[in-house]
Amino acid sequence: MTGAEELDARDPLAGFRERFVHSRPERVYVDGNSLGRLPRAAAEELAARVGEWGDRLVSAWPDWIDLPREVGDLIARAALGARPGEVVVSDSTTVNLYKLASAALAARAGAIVSDRDNFPTDRYVLEGLAEQHGRELRLFAADEVEGPTAADVERACHGGAALVSLSHVAYRSGAVADMAAITEVARAAGALVVWDLSHSAGSVEVELHRCGADLAVGCTYKYLCGGPGAPAFLYVREELQERLRSPIWGWFGQREQFAMGPRYDPEPGIARFLAGTPPILDLTAVRAGVELVEEAGIAAIAAKGRALTSYAVELADEWLAPLGFELGSPRDPERRGAHVSLRHADAWRVNRALIERAQVVPDFRGPDSIRFGYPPLYTSFADVREAFDRLRKLIALGAHRDLDPRPTRVT
Ligand SMILES: *Cc1c(COP(=O)(O)O)cnc(C)c1O
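Converting from the sequence shown to our numbering requires adding 623 to each position, the first position being numbered 1.
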């Protein structure tokens, strides 16, 4: 096995690590797939924006008001393989999923299809929409490790469907779904697909245009490093924009917004999916994060992600399998995002012990997985090794055994 030092020495993205804040060098942070590190540029640009707020007040709005579209176009080209005018940044992923799924249901008749292991907020939003629109919700069972396949979707859409909603990279296993094949079978069944790209954007190549994808949403605070609670993005294929309507008729989606007209008349383009006043400070931070992704290039980022997870799998096989850990992610690197899950009978306590006693920060995802995220822009191969080295030592000492087995408020 090639050592971490050699892999780091050969890493073309190694220089990006210093572009982020590392305030505690002894901590091994492997949870950037939950909340990405702070880019140094974001801290500087936020300070400048705060100054602008104090100084220019409302007169700065002409410079601020198009940020949802500008940052949307930046994400589209840097991370999503989408065209200009197809992405905006607004609201949360949850709200954007609601908006796009709702628009799809208004346009198509039939059932809602998703998988049982999809991210909770996605399932809850779909459950609510099924009730509000009087639709059947079909949740199919996909392979826990390999994720949903086109054959699963085809079977679940049997007899026709209105909407398919899936994660492109599964939040627990990290499995990558076949976007092109699933889009095709869903379309043949009459359905529109909303992709959740929360664990894909900034970690793997996403080719929305090439795959003919209709709709997508995703987070900016994970691999795009936009900061806690940063607004999400949404994508609507250009050809569909005029045919779909947001369920929230807000003034930021209105044609000639400041004409203050008597009736709602939505913008023809992507802006119709905006609702209210955009969060300018957050958008400033999101832009700084995505600019780093653009500068590094998503192909290089994705290639490093596969190398990092492959190294992690090799180490896990050698060091951790004998200690009762089982890989909960696909073995084929092409089928993985930039995180891996390890399953263990005592995963909750082992995860707490890593955080509290070993300064390693992964996260626990029930019922039995510990997730190790390796955002390629700032994760080194040495981080991957160090996290697992501390983990095996902790198990050898039994340092997790006396911890409280009850989960905390945030896992
Ligand atoms: C993180 C994540 C979300 C989070 O949604 P919020 O509205 O930002 O809380 C949604 N979907 C997936 C798949 C995620 O991984």
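Virtual Cβ for every residue (Gly too), placed ideally from N, Cα, C.
query                                                                                                               : result
Of the listed residues Asp678, Arg1015 and Val711, nearest to Pro691 (C-alpha basis)                                : Val711
Alpha-carbon spacing of Asp1027 relative to Arg672, whole angstroms                                                 : 44 Å
Backbone CA spacing between Ser821 and Asp1006 [nearest angstrom]                                                   : 23 Å
Assumed close pair Arg860, Asp837 - CB separation to whole angstroms, cut-off 8 Å                                   : 5 Å
Residue environment, Glu979, which counts as buried when at least 16 other CB atoms sit within 10 Å                 : exposed
Closest by C-alpha distance to Ala699, when choosing among Gly892, Ile871, Ala727 and Glu830                        : Glu830
C-alpha distance - Thr907 paired with Leu669, whole-angstrom precision                                              : 6 Å
Which residues DSSP lists as bridging Arg959, in chain order                                                        : Ala798
Where the beta strand (DSSP E) through Arg761 begins and ends                                                       : Leu760 to Phe763
Coil, strand or helix - Ala839 by DSSP                                                                              : strand
Cβ neighbour criterion (16 or more within 10 Å) applied to Val644                                                   : exposed
Nonlocal neighbours in the same chain, by C-beta distance under 6 Å from Leu946, ignoring five residues either side : Ile1018
Reduced DSSP secondary structure (H/G/I, E/B, other) of Gly677                                                      : helix
Ligand 1 heavy atom lying under 6 Å from the CB of Cys848                                                           : no
Cys834: CB within 6 Å of a non-hydrogen atom of ligand 1                                                            : no
Tyr721 beta carbon near ligand 1 (any heavy atom closer than 6 Å)                                                   : no
Residue span of the alpha helix (DSSP H) that contains Ala970, given as start and end                               : Ala970 to Ala981
According to DSSP, residues forming a beta bridge with Ser713                                                       : Ala855
Stretch pair the region 935-943 + the region 907-927: three plus CB contacts closer than 8 Å                        : no
Paired residues, beta bridge with Ile688 - DSSP                                                                     : Answer is none; Ile688 lacks a bridge partner.
One or two residues paired with Arg988 in a DSSP bridge                                                             : Ser992
His822 Cβ short of 6 Å to ligand 1 heavy atom set                                                                   : yes
Which of helix, strand or coil DSSP assigns to Asp654                                                               : coil
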